[in-house]
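J.: Below is a structure I'd like to ask you about.
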Amino acid sequence: MRNLTESNITEATLARFADTPDPRLRQVMSALIRHLHGFIRELEPTEEEWFEAIQFLTDIGQSCSDVRQEAILWSDTMGASILVEAINHRRPEGASESTVLGPFYRQGAPEFEHSGDISGDTEGDSVLLRGQVLNLWGEPLAGACLDVWQTAPNGLYEVQDETQPEFNLRGRFYTDERGNFELRTVAPVSYPIPTDGPVGKLLNATAVHPYRPAHIHFIVSAQGYQPLVTQLFTEGDEYLQSDAVFGVKDSLVVEYRPSTGNERYRVDHDFVLVPQTRGDQS
Ligand code: BEZ
Ligand code: FE
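Numbering (the numbering used here), first residue to last: 13 to 294.
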């Protein structure tokens with residue numbers, strides 16, 4: 013292939029990768045080349061603009077560390093994460109809805125007893141969150157795990173904030189024999205996703221705000237069921253309509269009701285899991 017021009021470079025590039033042995037990778041390469049070339053043909057970038065695009069990708073990579081995942085942030089703010097999530101979780105009627113994982117999940121959160129408090133010494137409005145984990149037929153799932161994480165009232169996850177102890181506001185809970193769980197925490201707040209990196213710069217340049225509505229994250233899992241990655245959002249939050257990462261679904265918005273007990277608020281919510289299909293079990 014020589015003397016390639018604007019009119020035949022796309023065909024030539026497609027031909028170069030046409031014999032990729034793995035069929036899925038072949039499909040990926042074909043779509044990538046067609047869309048990338050289409051993007052360039054539509055925009056006709058100057059060389060300076062193209063270098064800026066390369067620099068943006070470089071900055072994304074260089075911003076990543078053990079506690080910072082700028083690539084996920086980019087995917088989230090572009091609506092890409094929620095699109096992939098929607099395609100992969102076409103859930104049956106009655107199942108809990110899932111939403112984005114986000115970049116702040118940490119494995120290995122401490123295990124708590126029923127009704128344990130993940131907030132430690134964190135000051136804030138105390139909350140008792142209770143519910144059941146059920147299957148699609150309303151049967152309670154005993155021994156289901158709820159892996160929970162959230163920010164402190166200063167809007168920071170413990171990995172972003174040296175003043176918080178390790179694993180603060182993170183915990184794993186297990187349902188009892190009737191599928192019940194109960195946990196204590198402090199009320200979450202709305203917070204901006206990190207804006208000190210290339211994604212923040214992009215949001216600033218596009219006049220898009222970086223806020224997420226107040227939420228608590230969950231991964232709910234039980235043997236024989238598909239793990240549910242989800243969040244519970246606070247009713248009345250001003251960012252429910254404009255979540256920076258497009259994660260809000262009506263069924264995941266919960267009311268913080270004043271409590272008659274020792275805590276300030278009470279929240280009730282059940283999670284409904286979908287059985288694993290044969291393919292998932294392998
Ligand atoms: C989060 O909720 O933790 C989150 C999700 C997407 C991007 C940034 C943060
Ligand atoms: Fe979050």
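The C-beta atom is built at its ideal place from N, Cα and C for all residues, glycine as well.
#1: If we require 4 or more residues per run, which alpha helix (DSSP H) segments fall completely within the stretch 39-108?
#2: How long is the line joining the alpha carbons of E189 and V266, rounded to whole angstroms?
#3: Comparing alpha-carbon positions, which option in L95, F230, F116 and A65 lies nearest C157?
#4: Within 10 Å of its beta-carbon, does S294 have 16 or more other beta-carbons around it, so buried, or fewer, so exposed?
#5: At which residues does the alpha helix (DSSP H) containing T207 begin and terminate?
#6: When you compare only the Cα positions, how much space is there between V171 and R14?
#7: Closest to G191 by C-alpha separation, out of P165, G209, Y223 and Q144, would be which residue?
#8: I need the DSSP call for I21, collapsed to helix, strand or coil.
#9: F124 and L195 - do their beta-carbons sit closer together than 8 Å?
#10: Taking Y277 and D129 to be in contact with their CB atoms under 8 Å, please state how far apart those CB atoms are, rounded to whole angstroms.
#11: Using a strict less-than 6 Å threshold between each residue's beta carbon and the heavy atoms of the ligand BEZ, what residues do you get?
#12: Taking the alpha-carbon of I72 as reference, which of L153, N20, V211 and F29 has the nearest alpha-carbon?
#13: With a Cβ-Cβ cutoff of 8 Å, do R142 and F68 count as a contact?
#14: Going by the C-beta, is H227 closer than 7 Å to any heavy atom of the ligand FE?
#15: State the DSSP-derived secondary structure class of D188, mapped to helix, strand or coil.
#16: May I ask you to report which of helix, strand or coil DSSP gives R224?
#17: Below 8 Å, how does it come out for the stretch 220-239 and the stretch 248-256: are there three or more Cβ pairs, yes or no?
T.: Reading from the atomic positions:
#1: Listed in chain order, the complete alpha helix (DSSP H) runs (minimum 4 residues) inside the stretch 39-108 are 59-75, 82-89 and 92-100.
#2: Working through the sequence shown from its first residue, we reach residue 189 at position 177. Working through the sequence shown from its first residue, we reach residue 266 at position 254. Cα to Cα, E189 sits roughly 25 Å from V266.
#3: Sequence index remark: in the sequence shown, residue 157 carries index 145 (1-based). Each of L95, F230, F116 and A65 was checked against the Cα of C157, and the nearest Cα belongs to F230.
#4: Position 282 of the sequence shown, counted from the start, is the residue given in the question as residue 294. Unreliable placement is indicated for S294, whose pLDDT of 45 sits below 50; the coordinate value is still reported in the next sentence. Exposed, by the Cβ-count rule.
#5: In the sequence shown, residue 207 corresponds to position 195, counting from 1. Per DSSP, T207 belongs to no alpha helix (DSSP H) and is neither H nor E.
#6: What you label residue 171 is simply residue 159 of the sequence shown in a count that begins at 1. What you label residue 14 is simply residue 2 of the sequence shown in a count that begins at 1. R14 has its alpha-carbon roughly 52 Å from the corresponding atom of V171.
#7: Locating residue 191 in the sequence shown gives position 179, where the first residue counts as 1. Scanning P165, G209, Y223 and Q144 for the CA closest to the CA of G191 turns up Q144.
#8: Residue numbering aside, residue 21 sits at position 9 when the sequence shown is read from its first letter. For I21, the secondary structure class from DSSP, reduced to helix, strand or coil, is helix.
#9: Reading the sequence shown from its first residue, position 183 is the one you call residue 195. Reading the sequence shown from its first residue, position 112 is the one you call residue 124. Annotated as proximal: L195 and F124, with beta-carbon spacing under 8 Å.
#10: Indexing the sequence shown from 1 puts residue 277 at position 265. Indexing the sequence shown from 1 puts residue 129 at position 117. About 14 Å separates the beta carbons of Y277 and D129, which is beyond the 8 Å limit, so they are not a contact pair.
#11: Summarising the contact set, residues whose Cβ lies nearer than 6 Å to any heavy atom of the ligand BEZ are, in chain order, L85, D88, V112, G114, P115, F116, I205, R224 and V257.
#12: Locating residue 72 in the sequence shown gives position 60, counting from the first residue. When the alpha-carbon of I72 is set against those of L153, N20, V211 and F29, the nearest one is in V211.
#13: Here the question's residue 142 lines up with position 130 in the sequence shown. Here the question's residue 68 lines up with position 56 in the sequence shown. No, the pair does not count as a contact, with Cβ atoms beyond the cut-off.
#14: Within the sequence shown, numbered from 1, the residue matching residue 227 stands at position 215. Under cutoff, so the answer is yes.
#15: Working through the sequence shown from its first residue, we reach residue 188 at position 176. Correct three-state label for D188: coil.
#16: By 1-based counting over the sequence shown, the position of residue 224 is 212. It is a strand residue.
#17: Taking a cut-off of 8 Å for Cβ pairs, the stretch 220-239 and the stretch 248-256 touch, as three or more such pairs fall below it.
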